[in-house]
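S.K.: Attaching a single structure in structure tokens format; questions to follow.
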Amino acid sequence: DAGVTQSPTHLIKTRGQQVTLRCSPISGHKSVSWYQQVLGQGPQFIFQYYEKEERGRGNFPDRFSARQFPNYSSELNVNALLLGDSALYLCASSFPPSYGYTFGSGTRLTVV
Amino acid sequence: ELKVEQNPLFLSMQEGKNYTIYCNYSTTSDRLYWYRQDPGKSLESLFVLLSNGAVKQEGRLMASLDTKARLSTLHITAAVHDLSATYFCAVASLPAYSGGGADGLTFGKGTHLIIQP
């Protein structure tokens, strides 16, 4: 079985640009969460979606948005990129009511 | 606001030794997670602890949870070089919704563990 798939694996953007990151959960998993991990820090929660509805949101500005599609894949959008948005963006899928989360390999975003 | 503190943040130890990583959290939670992260890699799930007194073991790693003290420990027995990594604890900030749809996790800053031969 394929694990959690994220794309792209790396990308470089310029300040002020917009970026879209993609995540495909494990087959059968209906919940997707997004995390931002700045170098040397623990991941920080951005969004959680379940059955295509937003179920949780972390302390991130409105420049960050996400959505979940009927096939349970998800996109994370970040507008007006800042240098501080440079980070590893992780997607995690889960199958409630199971409590486990499986993380993807992440997308490393560099803003220059 | 839920806060999760790990200590130590950096640990260098020799193979064959035992050591414990501590994870304290500030508010009541019903789920605590331990993850391992190798450099440049994603997070690998190690343990999920769901109740007071829960203890789980896998190989040389053992995790425990004391919900009254809001403390979890990750104990390493007879460390080997392959266990060198960064270890994170993470706590769920809200009870899981009935019928599914859990909330986000709050992570500690991680413990960077180096095990030397």
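The listed protein sequences correspond, in order, to chains A and B. Counting in my numbering, the first sequence runs from 24 upward without gaps. Counting in my numbering, the second sequence runs from 52 upward without gaps. From the three backbone atoms N, C-alpha and C, an ideal C-beta is built for every residue, glycine too. Note that the structure is predicted; figures quoted are calculated from it, not measured.
(1) Starting from A/Gly-79, follow the beta strand (DSSP E) in both directions and report where the run begins and ends.
(2) Which first and last residues belong to the beta strand (DSSP E) in which B/Leu-122 is found?
(3) Could you pull the DSSP bridge partners for A/Asn-100 from this structure?
(4) Cβ atoms of A/Ile-49 and A/Ser-116: under 9 Å apart, would you say?
(5) Between the stretch 82 to 94 of chain B and the stretch 59 to 67 of chain B, are three or more C-beta pairs nearer than 8 Å?
(6) At a cut-off of 8 Å, would you count B/Cys-74 as near the ligand GDP, judging by its Cβ distance to the nearest heavy atom?
(7) My output table needs one value for A/His-52: the three-state DSSP class, helix, strand or coil.
(8) How would you list, in chain order, the residues of chain B whose beta-carbon sits under 8 Å from the beta-carbon of A/Thr-125?
(9) Helix, strand or coil: how does DSSP classify A/Leu-62 here?
(10) Just to make sure I have the definition right: I need the residues of chain A whose C-beta is within less than 7 Å of the C-beta of B/Val-99. Which are they?
(11) Against A/Gly-129, what residues of chain B qualify as contacts under a CB-to-CB distance less than 8 Å, listed in chain order?
(12) Identify which residue in A/Leu-106, A/Pro-66, A/Ser-109 and A/Thr-28 has its Cα closest to the Cα of A/Gly-81.
M.R.: According to the structure data:
(1) Position 56 of the first sequence holds residue 79 of chain A. First-last of the beta strand (DSSP E) with A/Gly-79: 76 to 80.
(2) As a first step, residue 122 of chain B is located in the second sequence; it is residue number 71 there, counting from the start. Where B/Leu-122 is concerned, the enclosing beta strand (DSSP E) stretches over 122 to 127.
(3) Counted from its first residue, the first sequence places residue 100 of chain A at position 77. In DSSP, A/Asn-100 forms a bridge with A/Thr-43 and A/Ser-88.
(4) The residue given as residue 116 of chain A occupies position 93 in the first sequence. The residue given as residue 49 of chain A occupies position 26 in the first sequence. Yes, these two residues count as a Cβ contact at 9 Å.
(5) no
(6) Absence of the ligand GDP from the depicted structure is noted, as is the absence of any ligand whatsoever, leaving it without description.
(7) On the first sequence, position 29 is the one that residue 52 of chain A refers to. Looking at A/His-52 - three-state DSSP - the assignment turns out to be coil, as it is neither helix nor strand.
(8) Against the first sequence, residue 125 of chain A aligns to sequence position 102. Residues of chain B passing the Cβ test: Ser-96.
(9) Indexing the first sequence from 1 puts residue 62 of chain A at position 39. Here A/Leu-62 sits in coil by DSSP.
(10) Counting from one through the second sequence, the residue named residue 99 of chain B turns up at place 48. Correct list: Tyr-122 and Gly-123.
(11) The residue you call residue 129 of chain A lines up with position 106 of the first sequence. Those within 8 Å of A/Gly-129 in chain B are Ser-93.
(12) By one-based count along the first sequence, residue 81 of chain A stands at place 58. Residue A/Pro-66 is the option with its Cα nearest to A/Gly-81.
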